[in-house]
Amino acid sequence: MAISKDKQRSLINRLLNAFLRHSGFIGIVRHVNRAQIKILMYHSIAPKESYYVRGIGVTVKPTTFEEQLSYLRQHYRVIPLHQLILELRDGCVGEKTVVLTFDDGFRDSYEFAWPILHKYGVRATVFLNKDVIERGKILWIHRFTYLANCAGMEHLWKLASQRWPALAGVHSTRTGRFMVLMNYLVDQVLPVDRDTFLAEAFRSFEIADPAHRGSDLYLRWDQVHEMAADGIEFGNHTRSHENLARLSEREQQCEIVTARDIIAEMLPGSMIPFAYPFGGMRHFTNLTARIVRESGHSCALLGTGRINSHDTPVYALDRIKVEEEPLSQFAARIEGLSLRRWLRNVRSRKQCCTVTSRSKS
Numbered sequence: 006m007a008i009s010k011d012k013q014r015s016l017i018n019r020l021l022n023a024f025l026r027h028s029g030f031i032g033i034v035r036h037v038n039r040a041q042i043k044i045l046m047y048h049s050i051a052p053k054e055s056y057y058v059r060g061i062g063v064t065v066k067p068t069t070f071e072e073q074l075s076y077l078r079q080h081y082r083v084i085p086l087h088q089l090i091l092e093l094r095d096g097c098v099g100e101k102t103v104v105l106t107f108d109d110g111f112r113d114s115y116e117f118a119w120p121i122l123h124k125y126g127v128r129a130t131v132f133l134n135k136d137v138i139e140r141g142k143i144l145w146i147h148r149f150t151y152l153a154n155c156a157g158m159e160h161l162w163k164l165a166s167q168r169w170p171a172l173a174g175v176h177s178t179r180t181g182r183f184m185v186l187m188n189y190l191v192d193q194v195l196p197v198d199r200d201t202f203l204a205e206a207f208r209s210f211e212i213a214d215p216a217h218r219g220s221d222l223y224l225r226w227d228q229v230h231e232m233a234a235d236g237i238e239f240g241n242h243t244r245s246h247e248n249l250a251r252l253s254e255r256e257q258q259c260e261i262v263t264a265r266d267i268i269a270e271m272l273p274g275s276m277i278p279f280a281y282p283f284g285g286m287r288h289f290t291n292l293t294a295r296i297v298r299e300s301g302h303s304c305a306l307l308g309t310g311r312i313n314s315h316d317t318p319v320y321a322l323d324r325i326k327v328e329e330e331p332l333s334q335f336a337a338r339i340e341g342l343s344l345r346r347w348l349r350n351v352r353s354r355k356q357c358c359t360v361t362s363r364s365k366s
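Residues in the sequence shown are numbered consecutively from 6, following the numbering used here.
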């Protein structure tokens, strides 16, 4: 009897987990890599995925997060981001250093992550978007995810293919199509055209647009101040989470500087780090990097999964995305041993290249 591909992958994962858990191999790798600097990138810590993030692999359950934090405290030196920046500038970073960060300023970082961080005495950095905390807006990426989950990816894909013919010939799974369309909106479509498409799609599917329900999803300033009093740090994730590489200099200034200024006003005296939206090298330019440096940020963080060294510039620090997964896979991921992530990135790059080439032809 033939075994399905899903069952084959499940069996391979179980065997790999058993090997990693019992062989001691991770401990050996951890010792060899002890000079590396690992910055972890979390997003949502919640018991279950909401429609705003379902399917994009950014939700970690509180029980899993606590298990990960316990593991990190046992095997690594977990320090705040501002301490890492000072040590990098002084040239004296300790061994097995790990830093925790959270993107997008979800409210569940207050409800679920912070109590666990407090329990283990860990100080993390949360990156905020100005529009969500100041104006109660939902970031477009979360509106898109909400729409895909409510309308169904098949229907949304059909509507998008009618608008952008380059998508029509792409053959993929539901998850694959979701990622292809999301990356297409990030990399190929201007913000005004994207927002028009989303508004029209909500009307077409007769789904209430949650554009101004940000107060239900993200942190409020009173919660930010409460967390800051306990040592949690906050950074700039721009005004509205756009692909900065597609914006003019004036638009980039607005996205970066105005967001930094409001954080400086609300949290005076604190160092303000910066995290690039989407986190890839293609999501910013040399101009963007200059604006970030000249506007007084203490550092800049990417999200491509690379591990840092003592020589990594503070304005080019990278992060490892954390997902809901068994502890053995988490341990392997932060040591650069995630086969599943590598295979997924290869498939995603192939699909995105197909769409991009069609859009140019």
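Just so you know, even glycine gets a beta-carbon here, dropped at the ideal spot from N, CA and C. Since the structure is predicted, the reported quantities are computational estimates derived from the model, not experimental observations.
Query                                                                                                   : Result
Collapsed DSSP secondary structure at residue 276 in the structure displayed                            : coil
Segments assigned alpha helix (DSSP H), at least 4 residues, entirely inside the stretch 27-80          : 30-37 and 67-80
Buried versus exposed, by CB contacts within 10 Å (16 or more), residue 365                             : The predicted position of residue 365 is uncertain, since its pLDDT is 45 and thus under 50; no value can be drawn from it.
Residue from 327, 294 and 340 whose Cα sits closest to the Cα of residue 318                            : 294
Boundaries of the alpha helix (DSSP H) in which residue 332 is found, first to last residue             : 332-339
C-beta atoms of residue 306 and residue 281 nearer than 9 Å                                             : yes
Inter-residue spacing [alpha-carbon to alpha-carbon] between residue 337 and residue 248                : 30 Å
Reduced DSSP secondary structure (H/G/I, E/B, other) of residue 270                                     : helix
Helix, strand or coil at residue 261 [DSSP, three-state]                                                : helix
Whole-angstrom C-beta distance between residue 101 and residue 244, which should lie under 8 Å          : That belief does not hold up - the Cβ atoms of residue 244 and residue 101 are roughly 36 Å apart, past 8 Å.
Per-residue burial, residue 360 [other beta carbons within 10 Å of its own, 16 or more giving buried]   : Residue confidence for residue 360 is low, a pLDDT of 36 falling below 50, so the modelled location carries little weight; the figure read from the coordinates is stated next. So residue 360 counts as buried.
Three-state secondary structure assigned by DSSP to residue 326                                         : strand
Three or more C-beta pairs below 8 Å linking the stretch 110-123 and the stretch 213-229                : yes
Coil, strand or helix - residue 219 by DSSP                                                             : helix
Meets three-Cβ-pair contact criterion under 8 Å: the stretch 226-234 and the stretch 199-217            : no
Residue 366 in three-state terms, based on DSSP                                                         : Residue confidence is low: residue 366 scores 41 on pLDDT, short of 50, so the model does not pin down where it sits. Its coordinate-derived value is still stated next. In the structure shown, residue 366 sits in coil (DSSP, three-state: anything other than H, G, I, E or B).
Per DSSP, cross-strand counterpart(s) of residue 240                                                    : 132
Of the listed residues 36, 202 and 95, nearest to residue 82 (C-alpha basis)                            : 36
Three CB pairs or more closer than 8 Å across the stretch 44-55 and the stretch 116-127                 : yes
Range covered by the alpha helix (DSSP H) that runs through residue 185                                 : 179-192
Validate contact between the stretch 85-94 and the stretch 178-192 using beta carbons, cut 8 Å, 3 pairs : no
Best match in 255, 213 and 269 for proximity to residue 296 [C-alpha to C-alpha]                        : 255
Burial state of residue 201, where buried means 16 or more other Cβ atoms lie within 10 Å               : exposed
Cβ shell of residue 196 (< 7 Å), same chain only, five flanking positions each side left out            : 247
Alpha-carbon to alpha-carbon, residue 17 and residue 138                                                : 43 Å
Beta carbon of residue 279 nearer than 9 Å to that of residue 304                                       : yes
DSSP-derived helix/strand/coil call for residue 305                                                     : strand
Contact check, residue 241 vs residue 212, beta carbons under 9 Å                                       : no
Alpha-carbon spacing of residue 127 relative to residue 169, whole angstroms                            : 46 Å
Residue 238 and residue 153 closer than 9 Å at C-beta                                                   : no
Within 9 Å, strictly: CB atoms of residue 271 and residue 226                                           : yes
For residue 45 and residue 29, the rounded distance between their alpha carbons                         : 23 Å
With 16 other Cβ atoms within 10 Å as the buried cut-off, status of residue 84                          : buried
Under the three-state DSSP convention, the category residue 25 falls into                               : helix
Cβ neighbour criterion (16 or more within 10 Å) applied to residue 167                                  : exposed
Residue 236 versus 124, 140, 287 and 175, residue with shortest Cα-Cα distance                          : 124
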